[in-house]
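Numbering (the numbering used here), first residue to last: 22 to 624. Notes follow the structure.
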C-alpha cells in the first residue's frame, strides 16, 4: 500500500522515479493554507512516487530549509520539522535495534505545537499521520493506532472529502494490520471494513492486493473470535476477488490456496471434516511449495487438529512437530505454544509423562510470552494515551494562553482605539463648543457694538434735539423781549427759565441710551466720585457730550448761576486742579470709554 506522507517515502525502496520531481510544486503544496492543502500535497508527492530518500533528504530538505531561512513561513517549517524527524530515525540513521531517536519525537511534538498555533487542523492531521508511520516503522503498534485514531478524529471533523480516499484507505488498512498484531481482533475487523468501504472511491485500475490483505485480516480475525461463518464469508469474498486478478501474476494461486485453506479450517471448526481435509491439504502443499513459514504453521496446525479429531495421533503429532520446529524459524511464540500444547496432549495420551511435561511447560512458557506481549501492548497503549492526553492538554493550555494573549492584545488595541475615538470626539466637541462660544462672543460683541452705535446715535440725536430746543427758546426770548413791555418780558423769561427741556421719562431714556453708548463712563465717574447724585450724573453727561453753559442750563431747567455753582461743586468733589478744565476731564473720560471699546473690538 502506497504511503501518503513522508515516512512512506523514507522507508520505501529508494528507486528513482521516471520523472524528475517538481520541487516547486512540493514547495507550493507545503506552504498552502487552503482547505485543499492536503490534496495539493498528495498530488505533488504522488505524481512522482516512488521518490528516492536521497532526493527527499539530500536535495529537497536543504532547499526547503534555505528558503525558510530567507523567508520564514510557519507552514513550511512544520513540514521541515516532520522531514527532519524522519531523517533523525530513518534514512542513513535507521537502526531497528535502537528504535525511534528521541530527537525525532521532539521534532514531531514541536511540529504539532506549531500546528496548534497555526490553527490548521488539516496539517495537524497530516502530522499525526506522519508520526503514526514513524511508530509503525519500529513496530510500536499501540502508538501507531493511537496517532492514527487522533488523525482520523480531526479528518472526520473536517469532512470525509478533506483527505484523499487512497490516504484514508491506506491508513485504515494499516490500522487493521496493527490491531491484528496486538490481538485486538474486533478493532481489526472494524478498521478493515472501514477501509473496504472506501474501495469504490479509489482510482480505476488500482492494485487489488491491498484488498486481498484486508479480506484475509478480517477473515482471520473472525476465525480468532470463533465466528467461522463470518470468517468464511470474507474468505469467499477473497476467492471471488482473486478470480478477477491476473492468474499469471505471481502469488495469485498461492492466495487462492490460502483462502480455500481458511474456509477448510472453518469447516473443521464446525465439524465438517470431509469438506475440510482437501482444502487444508491444498493450503499446506501451497505453503510448502513457496516455503512460506507462516502458512506452513497455520495449515500444519489446522491439519494436526483434523487428524487429532479423527484419532490419528501419529499424523497429528507429525504436523504439530513440524509447526513447533518451523515456528522458531518464523520467530512466533504463538504457534510454538499451540504446537507444544498439542504435542503435550498427545504424549499424555501415549503415556509418556516426561515428554508431556516438557511440552506442557514449553506451551505455558510460550503462552505466557504471548500474554506478556498482549499485556505490555495494553500498558503501552495506556502510556501512549496518557502521553497524548498530556501533550494535547499542554497544547490546549498553550492555545488558551495564546488566545487570551491575543484577546488581551485586541482588547488593548480596542481600548486604545476607543480612547482615541473618545479623545477625538471630546476634542472635536471642545472645538465645536469653543467655536460656538467664540461665535456667540463675536455675536454678542457685534450686538453690543451695534447697540452702542445705535445708542450713541440716539444720544447725538437727543443732544441735537436739545440744542435745537435751546436755540428755539433763545429765539423766542429775543422776540418776546422785543415785542412786550418790561413787565411782560420779565414774566416770560421767568416762565422760560422754569421750563425743563427734558422730562423725567426723556431723561431716563437718555440715560439708558447713554449707558449703552458709553457703558464705562458712569461707573468710572462713580469710582472717582462716591455717592454721586442724579443731578451730578446729568451735569457730567451733558458736559462730556460738549454742551455749552447755556445749553446745560436750558436742558436741566436751571439758571446759569446754578450751573456755575454745580460745576464748581463737581470740580471740588473730583479734586481737580485749578488749571484742569472740568469739561476736558469729562470729555477725556468719555473718550477713554470709547477707546477701551475699540480695543476690545480689535481684540
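For every residue, glycine included, the Cβ atom is placed at its ideal position computed from N, Cα and C.
State the Cα-Cα distance for the pair residue 379 and residue 143, rounded to the nearest angstrom. Computed Cα separation, rounded: 57 Å.
Three or more C-beta pairs closer than 8 Å, one from the stretch 174 to 187 and one from the stretch 208 to 216: is that the case here? Not touching, per the Cβ criterion.
Please report the Cβ distance between residue 155 and residue 129, rounded to the nearest whole angstrom; I am assuming they are in contact, meaning their Cβ atoms lie under 8 Å. With a Cβ gap of about 7 Å, residue 155 and residue 129 count as contacting.
Which of the three DSSP states, helix, strand or coil, is assigned to residue 526? Looking at residue 526 - three-state DSSP - the assignment turns out to be helix.
Is the stretch 540 to 548 in contact with the stretch 577 to 587, if contact means three or more CB pairs nearer than 8 Å? Judged by Cβ distances under 8 Å, the stretch 540 to 548 makes no contact with the stretch 577 to 587, as fewer than three pairs qualify.
Between residue 238 and residue 197, is the Cβ-Cβ spacing less than 7 Å? Contact: yes.
Round the Cβ separation of residue 367 and residue 338 to the nearest angstrom and send it over; I've been treating them as touching at under 8 Å. Contact between residue 367 and residue 338 holds, since their C-beta atoms are separated by about 5 Å, short of 8 Å.
Tell me whether residue 604 sits in a helix, a strand or coil according to DSSP, three-state version. Helix, per DSSP.
For a quick check, are the C-beta atoms of residue 344 and residue 365 less than 7 Å apart? No, Cβ-Cβ distance for residue 344 and residue 365 is not below 7 Å.
With respect to the alpha helix (DSSP H) encompassing residue 304, which residues constitute its N-terminal and C-terminal limits? Under the DSSP assignment, residue 304 falls in the alpha helix (DSSP H) whose first and last residues are 294 to 310.
Between the beta-carbon of residue 325 and the beta-carbon of residue 286, is there less than 7 Å? Against a cut-off of 7 Å, the Cβ pair of residue 286 and residue 325 comes out as no contact.
So, with DSSP's three-state summary, where would you put residue 376? Note: residue 376 maps to helix in three-state DSSP.
Do you know how far the Cα of residue 557 is from the Cα of residue 603? When rounded, the distance between both Cα atoms is 13 Å.
Along the chain, where does the alpha helix (DSSP H) that runs through residue 371 open and close? Boundaries for residue 371: no alpha helix (DSSP H) harbours it, and the DSSP string shows neither H nor E there.
For residue 252, does the count of other Cβ atoms within 10 angstroms reach 16, so buried, or fall short, so exposed? That one is buried.
For residue 400, collect the residues of the same chain with a Cβ closer than 8 Å to its Cβ; drop the 5 residues on either side in sequence, then sort them by chain order. Residue confidence is low: residue 400 scores 49 on pLDDT, short of 50, so the model does not pin down where it sits. Its coordinate-derived value is still stated next. Nothing listed; no residue qualifies.
Looking only at C-alpha atoms, which of 259, 224, 153, 591 sits nearest to residue 20? Nothing about residue 20 can be reported from this structure: the residues present for the chain run from 22 to 624 only.
Applying the 10 Å Cβ sphere with the 16-neighbour rule, what's the burial state of residue 45? So residue 45 counts as exposed.
Indicate the three-state DSSP secondary structure (helix, strand or coil) for residue 353 in the structure shown. Reduced to three states, the DSSP call for residue 353 is coil.
Thinking residue 96 and residue 78 are a contact (beta carbons under 8 Å), I'd like their distance in whole angstroms, please. Their Cβ separation, rounded to whole angstroms, is 20 Å, which puts residue 96 and residue 78 out of contact at 8 Å.
Under a Cβ-count criterion, where at least 16 other Cβ atoms within 10 Å of its own Cβ denotes burial, should residue 599 be classed as buried or exposed? With fewer than 16 Cβ atoms within 10 Å of its Cβ, residue 599 is classed as exposed.
Using the beta-carbon count (16 or more within 10 Å), is residue 231 buried or exposed? Buried is the call here.
Report back the beta-carbon spacing between residue 281 and residue 265 to the nearest angstrom; my notes put them in contact at under 8 Å. Distance from residue 281 to residue 265 at the Cβ level is roughly 16 Å; contact not present, criterion being Cβ atoms closer than 8 Å.
Looking only at its own chain, which residues have a Cβ that is under 7 Å from the Cβ of residue 563, when we skip the five neighbours before and after it? For residue 563, same chain residues with a beta-carbon under 7 Å away, outside a window of 5 residues either side, are 573, 576 in chain order.
Could you give the uninterrupted runs of the alpha helix (DSSP H) lying entirely in the stretch 77 to 149, keeping only those of 4 residues or more? Fully enclosed alpha helix (DSSP H) runs of no fewer than 4 residues occupy 82 to 91, 95 to 110, 123 to 139 of the stretch 77 to 149, in order along the chain.
So, residue 102 versus residue 74, is the Cβ gap smaller than 7 Å? No, they are not a contact pair.
Should residue 100 be labelled buried (16 or more other beta-carbon atoms within 10 Å of its own) or exposed? It is buried - the Cβ of residue 100 has at least 16 other Cβ atoms within 10 Å.
Considering only the alpha carbon of each residue, which of 257, 469, 272 lies closest to residue 300? Of the candidates 257, 469, 272, 257 places its Cα closest to the Cα of residue 300.
Just the C-alpha distance for residue 134 and residue 94, rounded to the nearest angstrom, thanks. Rounded to the nearest angstrom, the two C-alpha atoms are 15 Å apart.
Taking residue 273 as the reference, give the member of 294, 118, 234, 171 with the closest Cα. When C-alpha distances from residue 273 are compared across 294, 118, 234, 171, the shortest belongs to 234.
Name the residue from 349, 161, 585 whose alpha carbon lies nearest to the alpha carbon of residue 571. The alpha carbon of residue 571 has as its nearest neighbour, out of 349, 161, 585, the alpha carbon of 585.
Only counting the same chain, and skipping five residues up and downstream in sequence, which positions put a Cβ closer than 7 Å to that of residue 202? Counting only Cβ-Cβ distances below 7 Å, and skipping sequence neighbours, we find 162.
To the nearest angstrom, how far is it from the Cα of residue 199 to the Cα of residue 263? Note on geometry: alpha-carbon atoms of residue 199 and residue 263 lie some 24 Å from one another.
Can you have a look at residue 382 and say buried or exposed, based on whether 16 or more other CB atoms are within 10 angstroms of its CB? It counts as exposed.
Residue 232, enclosing alpha helix (DSSP H) - first and last residue: For residue 232, the uninterrupted alpha helix (DSSP H) run begins and ends at 230 to 245, by DSSP.
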